[in-house]
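Residue numbers (our numbering), protein chains in the order written: chain A, 58 to 323; chain B, 21 to 304; chain C, 2 to 346. Cβ atoms here follow ideal geometry from the backbone N, Cα and C, with glycine treated the same way.
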Amino acid sequence: MSAFLRRLYFTAVALFLAAPIIVVAGVSVNEKQDLSFPPEGFSLSWYGQIFLDPGWRQALFASVVLALASAALAVAIALPLAWFLWRRIAPWANVFQILGLAPFILPPVITALGLLTFWATAGFYGQPWTAVISHAIFFVTLPLVTLSLGFASIDRALVEAASTMGADDRTVLKTVVLPLILPYLVSGYAFAFVLSLNEYIVAYMTVGFTMETLPIKIFNALRYGYTPTMASVSIFFVAIAALVFGLIARFGDIRRLLGALSSDGN
Amino acid sequence: MRRERPQSFADYTPLFFPGLMLVVFFVVPFSTMIAVSFFRRDPTGFYTRDFVFDNYARFLSTFFGGVLGFSLLLAIGVAICCVLIAFPFTYLLTQRPRRVQTLWLVGLLSVLSLSEVIIGFAWSTLLSRTAGITNLFVWLGLMEAPVALLPSVWAVLIGMVYQALPYTILVLYPALIRLDPTLLEAARTLGASPVRAFLNVVTPALRNTLVATVIMVFVFALGSYLLPQILGRPQHWTLSVLITDQAIYQSNMPFAAAMAVFLVLISLALVGLTLMIGRRENAT
Amino acid sequence: MSGLSVNDVTKKFGSFAAVDRVQLDVPQGTFVCLLGPSGCGKTTLLRMIAGLEVPTSGAIVLDGQDITQVPTHKRNLGMVFQSLALFPHLSVGDNIAYALRIRSASKAAQKARVDELLTMIHLDGFADRPVAKLSGGQRQRVAIARALALSPKLFLLDEPLSALDAKLREAMQVELRQLQQQLGITTIVVTHDQREAMTMADLVVVMGQGKIRQAAPPIDIYRQPADSFVADFIGSTNLLELRADSTGRATIFGQPVAGLSLPDELTRAPLSVRPEDVHVTAPGHGTIDGTVTFVRDLGGTIETFVQVGDKTIVAVATPRERPDVKAGQSVGVSLPAASCVVLRS
Numbered sequence: 058m059s060a061f062l063r064r065l066y067f068t069a070v071a072l073f074l075a076a077p078i079i080v081v082a083g084v085s086v087n088e089k090q091d092l093s094f095p096p097e098g099f100s101l102s103w104y105g106q107i108f109l110d111p112g113w114r115q116a117l118f119a120s121v122v123l124a125l126a127s128a129a130l131a132v133a134i135a136l137p138l139a140w141f142l143w144r145r146i147a148p149w150a151n152v153f154q155i156l157g158l159a160p161f162i163l164p165p166v167i168t169a170l171g172l173l174t175f176w177a178t179a180g181f182y183g184q185p186w187t188a189v190i191s192h193a194i195f196f197v198t199l200p201l202v203t204l205s206l207g208f209a210s211i212d213r214a215l216v217e218a219a220s221t222m223g224a225d226d227r228t229v230l231k232t233v234v235l236p237l238i239l240p241y242l243v244s245g246y247a248f249a250f251v252l253s254l255n256e257y258i259v260a261y262m263t264v265g266f267t268m269e270t271l272p273i274k275i276f277n278a279l280r281y282g283y284t285p286t287m288a289s290v291s292i293f294f295v296a297i298a299a300l301v302f303g304l305i306a307r308f309g310d311i312r313r314l315l316g317a318l319s320s321d322g323n
Numbered sequence: 021m022r023r024e025r026p027q028s029f030a031d032y033t034p035l036f037f038p039g040l041m042l043v044v045f046f047v048v049p050f051s052t053m054i055a056v057s058f059f060r061r062d063p064t065g066f067y068t069r070d071f072v073f074d075n076y077a078r079f080l081s082t083f084f085g086g087v088l089g090f091s092l093l094l095a096i097g098v099a100i101c102c103v104l105i106a107f108p109f110t111y112l113l114t115q116r117p118r119r120v121q122t123l124w125l126v127g128l129l130s131v132l133s134l135s136e137v138i139i140g141f142a143w144s145t146l147l148s149r150t151a152g153i154t155n156l157f158v159w160l161g162l163m164e165a166p167v168a169l170l171p172s173v174w175a176v177l178i179g180m181v182y183q184a185l186p187y188t189i190l191v192l193y194p195a196l197i198r199l200d201p202t203l204l205e206a207a208r209t210l211g212a213s214p215v216r217a218f219l220n221v222v223t224p225a226l227r228n229t230l231v232a233t234v235i236m237v238f239v240f241a242l243g244s245y246l247l248p249q250i251l252g253r254p255q256h257w258t259l260s261v262l263i264t265d266q267a268i269y270q271s272n273m274p275f276a277a278a279m280a281v282f283l284v285l286i287s288l289a290l291v292g293l294t295l296m297i298g299r300r301e302n303a304t
Numbered sequence: 002m003s004g005l006s007v008n009d010v011t012k013k014f015g016s017f018a019a020v021d022r023v024q025l026d027v028p029q030g031t032f033v034c035l036l037g038p039s040g041c042g043k044t045t046l047l048r049m050i051a052g053l054e055v056p057t058s059g060a061i062v063l064d065g066q067d068i069t070q071v072p073t074h075k076r077n078l079g080m081v082f083q084s085l086a087l088f089p090h091l092s093v094g095d096n097i098a099y100a101l102r103i104r105s106a107s108k109a110a111q112k113a114r115v116d117e118l119l120t121m122i123h124l125d126g127f128a129d130r131p132v133a134k135l136s137g138g139q140r141q142r143v144a145i146a147r148a149l150a151l152s153p154k155l156f157l158l159d160e161p162l163s164a165l166d167a168k169l170r171e172a173m174q175v176e177l178r179q180l181q182q183q184l185g186i187t188t189i190v191v192t193h194d195q196r197e198a199m200t201m202a203d204l205v206v207v208m209g210q211g212k213i214r215q216a217a218p219p220i221d222i223y224r225q226p227a228d229s230f231v232a233d234f235i236g237s238t239n240l241l242e243l244r245a246d247s248t249g250r251a252t253i254f255g256q257p258v259a260g261l262s263l264p265d266e267l268t269r270a271p272l273s274v275r276p277e278d279v280h281v282t283a284p285g286h287g288t289i290d291g292t293v294t295f296v297r298d299l300g301g302t303i304e305t306f307v308q309v310g311d312k313t314i315v316a317v318a319t320p321r322e323r324p325d326v327k328a329g330q331s332v333g334v335s336l337p338a339a340s341c342v343v344l345r346s
């Protein structure tokens with residue numbers, strides 16, 4: 058394929074992926090409260106609304122707290138599990154690995170409905186903290202995958218070398234394993250954080266009637282009354298995702314995280 | 021630290037917390053859902069405990085048969101569109117310098133992480149009469165007046181392809197980046213043009229990967245629960261949408277659970293098929 | 002006794018015996034090379050001495066104390082790994098100070114020891130560099146210094162020089178031997194390179210199929226190999242067969258050889274003659290006659306390949322004693338009885 062055709066192809070894919078975002082970005086700077094494109098006038102006031110309007114501000118706050126807490130819980134579940142699977146030979150423990158991967162592979166509505174029936178049966182339906190646990194389980198796959206990759210990348214000779222120099226298991230964990238695993242831990246957390254921020258169905262089914270996260274708020278606005286704030290929030294989210302993944306790429310090796318075997322392969 | 025079998029009970033300590041969390045908050049809810057699928061609906065609360073097959077029986081009607089058929093057809097359509105676009109694209113991407121790859125991967129991850137709500141909103145805007153793409157065509161003189169392109173089945177398809185395309189590319193990426201480059205170089209030295217080499221060498225070498233990817237994207241597309249609602253008409257609603265609708269708006273949790281169990285069975289069968297294909301690929 | 006004893010140690014992986022009833026005594030301060038082809042069990046033996054593998058049976062005794070069940074981190078040893086295993090997240094200085102740091106030595110004591118060791122390995126002022134920025138030879142030295150930081154009783158090295166290019170490897174062999182003599186530390190090196198073993202070792206232990214085939218000083222291994230496996234593995238050699246004729250005399254290719262005899266009760270036995278001990282002469286003047294098939298002139302040495310019966314005998318000469326023969330020529334081959342070693346079969 059000639060370079061020209063390739064460039065054309067890349068441009069077409071890029072346009073397809075960017076088009077909705079460009080339109081939404083255009084809508085978000087409308088001066089008046091309507092959704093027209095190209096925008097009429099120019100105003101950043103709809104971005105201000107995310108923080109000034111009490112409804113949107115609360116939703117933003119709820120989303121960020123939910124994402125911070127559930128990503129932390131997801132990492133707390135994934136880290137000991139990934140460590141155990143790396144450290145021990147226990148084939149039956151792979152069951153837990155499958156359990157950790159399942160919520161992400163099955164259609165999300167299933168996990169959502171499972172958690173809805175569970176919380177309803179247990180009598181905790183609608184409690185805000187149930188959303189934290191629900192998201193942590195739903196996204197535990199991400200830190201589990203990045204951490205498993207991280208552990209697999211540790212040369213076991215490093216650990217043996219530490220023990221020949223007098224380090225016991227605990228010291229090895231603290232001085233060798235954790236420092237080496239840290240980048241993978243951070244990216245696992247970041248992946249879970251960004252996806253939790255954007256998640257709709259699980260949050261909606263578990264706490265949708267008692268708490269509004271940003272995606273729930275956008276959806277409600279979509280049904281009950283358009284406002285350009287929806288657009289500005291969407292762009293805000295795209296920016297956060299791009300920033301987080303950009304940071305991972307800057308300080309880590311995103312190609313390796315996504316399956317390239319070595320960092321120097323073409 | 022060599023890998024060794026757990027020697028004592030204490031060696032299992034790291035498993036306690038993850039095991040407990042996954043069992044209590046995934047296995048138990050999953051089992052609850054299966055149990056609820058046999059319960060009876062209670063219009064005032066969630067459900068009444070019972071053991072009936074009504075929910076499954078109701079599912080076997082022409083209406084739900086139609087919904088199921090449409091869901092599967094739509095998911096297959098999305099999967100095929102995505103793989104057709106993504107496969108050559110991902111292949112070309114793996115040939116690019118590291119910096120270009122990294123940039124694309126960051127962009128793809130950003131789009132992939134977008135909420136289905138935002139994707140639905142963005143496409144409904146893009147396809148709308150007031151703010152949509154047709155305004156651009158009017159401005160370019162290609163059209164007389166802007167029109168709304170939604171709701172329609174095409175809008176649903178486009179939205180779902182948009183949602184699944186980054187996923188498809190990221191699923192294909194590891195297989196293509198690990199492809200032995202000498203394979204292609206060998207084909208080139210034997211006189212094959214780049215396009216021929218791609219079709220005759222890369223494609224057959226990855227045949228099983230491609231089939232597995234189609235299935236994975238298919239399962240992913242089956243999970244789409246908002247786009248058919250936002251971009252389509254009620255007759256374009258898929259199984260996922262109906263499950264949400266029954267659980268939340270119709271307050272019929274047992275029926276939603278029965279449909280969800282059915283969706284799990286389809287998905288598991290397909291994921292199992294993918295794993296089998298993967299195993300065969302590793303064996304050869 | 003003072004030193005290391007490996008008493009009747011066996012290590013099985015499933016039903017496969019990687020190390021099979023090995024008995025070895027290493028006096029304090031000795032430099033030992035475990036030598037053998039890959040898969041002969043030498044690395045497994047070293048890892049058992051380090052405590053990284055547990056023997057299936059047998060005991061490992063250090064200075065009179067049974068350490069078989071003592072975990073690695075309590076054994077007070079220094080080890081250099083094949084991959085070197087330098088910690089990528091630590092600087093050169095922090096790598097070397099690791100053993101001191103986890104024992105909570107004071108910052109000043111750590112720095113003093115690091116500086117001392119860096120001087121020893123000629124890398125003064127490298128303490129703050131990241132290990133990734135070092136050359137292969139420098140990384141090698143850092144790994145050695147790190148292993149010696151606590152002045153351990155036992156210094157173990159697993160193929161430590163295999164990643165270096167040939168020139169650097171030979172220089173490091175000499176350096177390592179000098180360092181060991183200076184410190185007087187009991188050292189065990191695993192290698193598959195017989196030149197490396199000859200350069201460094203007091204005691205060469207040749208292993209094959211999990212067993213020790215011969216343990217002796219290097220020159221004895223070379224001059225008096227115990228069996229055909231050792232003779233073949235150490236340097237190159239001509240392996241011939243010594244047979245008894247009807248009258249009981251020892252013969253090679255049917256020619257009686259004066260000065261050689263077969264071990265009791267045997268009618269045939271393998272025989273090793275080093276190429277440098279074989280001389281090419283005029284036909285009829287040697288032990289046997291043959292035909293030259295190829296001459297390889299390497300400048301420093303000349304190798305002559307002579308076909309005798311179904312065997313090819315190699316003779317090595319220096320240019321000074323230039324044999325001056327060509328392929329196709331008939332020659333005599335002389336095998337001095339004093340240089341022939343009759344082997345256990």
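Chain-order list of chain A residues neighbouring F107/B: empty, with the shortest C-beta distance near 12 angstroms, by a criterion of under 7 angstroms. By the criterion of a C-beta distance shorter than 6 angstroms, S229/C is surrounded in its chain by L240, P271 and L344, once the five residues flanking it on both sides are discounted. Burial state of D70/B is exposed, judged by a 10 Å Cβ sphere holding fewer than 16 other Cβ atoms. Classified as exposed, V175/C has fewer than 16 neighbouring CB atoms from the shown chains inside 10 Å of its CB. Contact note: Q121/B reaches chain A through R312, using a C-beta cutoff of 8 angstroms and chain order.
In the structure shown, the three-state DSSP call for P72/C is coil. Under DSSP, M80/C forms a beta bridge with L157/C.
At a cut-off of 7 angstroms between beta carbons, S220/A contacts chain C. Nearest neighbour of S127/A by Cα position, chosen from V301/A, I305/A and F195/A, turns out to be F195/A. The Cβ of P254/B sits no closer than 7 angstroms to any Cβ of chain A. Put simply, the stretch 131–149 of chain A touches the stretch 199–211 of chain A. At least three CB pairs are less than 8 angstroms apart. DSSP, read as helix, strand or coil, puts F88/C in coil. With its beta carbon less than 7 angstroms from one in chain A, S84/C belongs to the interface.
When DSSP assignments are scanned along the stretch 208–260 of chain A, the uninterrupted stretches of alpha helix (DSSP H) that are 4 or more residues long and fall wholly within it turn out to be 213–221, 226–229 and 235–255. Closer than 7 angstroms to the CB of E256/A there is not a single CB belonging to chain C. Within the model, the alpha-carbon separation for S6/C versus I190/A is close to 57 angstroms.
At a cut-off of 3 residues, the continuous stretches assigned as beta strand (DSSP E) that sit fully inside the stretch 211–266 of chain C are 212–217, 239–245 and 251–253. For A135/A, the enclosing alpha helix (DSSP H) covers residues P111 to R144.
Within the stretch 34–52 of chain C, those residues whose Cβ lies closer than 9 angstroms to any Cβ of chain A are, in chain order, R48, A51 and G52. Looking at the DSSP output, V47/B shares a beta bridge with no other residue. With respect to chain B, the C-beta atom of G303/A has a partner C-beta closer than 7 angstroms.
Nearest C-alpha to E242/C among P284/C, D311/C and D194/C: D311/C. In this structure, the beta-carbon distance from V274/C to C341/C falls below 7 angstroms.
In this chain, the beta strand (DSSP E) harbouring N8/C covers G4 to F14. DSSP lists H280/C as the beta-bridge partner residues of S335/C. Taking 7 angstroms as the cut-off, the Cβ atoms of R227/B and A217/B do not count as close. Here the stretch 254–273 of chain A does not lie against the stretch 102–122 of chain C, with fewer than 3 beta-carbon pairs under 8 angstroms apart. Around the CB of V23/C, 16 or more other CB atoms lie within 10 Å, so the residue is classed as buried. Interface annotation, A214/A: in contact with chain C, CB-CB separation under 7 angstroms.
In the three-state reduction of the DSSP assignment, A19/C falls in the strand class, which pools E and B.
The beta carbon of A280/B sits closer than 7 angstroms to those of M53 and I263, all from its chain and outside the five residues before and after it, given in chain order.
Straight through space, the alpha carbons of Q182/C and A339/C are spaced by roughly 34 angstroms. The beta-carbon of I211/A is placed no less than 7 angstroms from the nearest beta-carbon of chain B. The C-alpha of D21/C lies about 15 angstroms from the C-alpha of L36/C. Residue pairing for A60/C: DSSP places it in a beta bridge opposite N8/C. Interface residue (Cβ-Cβ distance to chain A less than 7 angstroms): I61/C is not classified as such.
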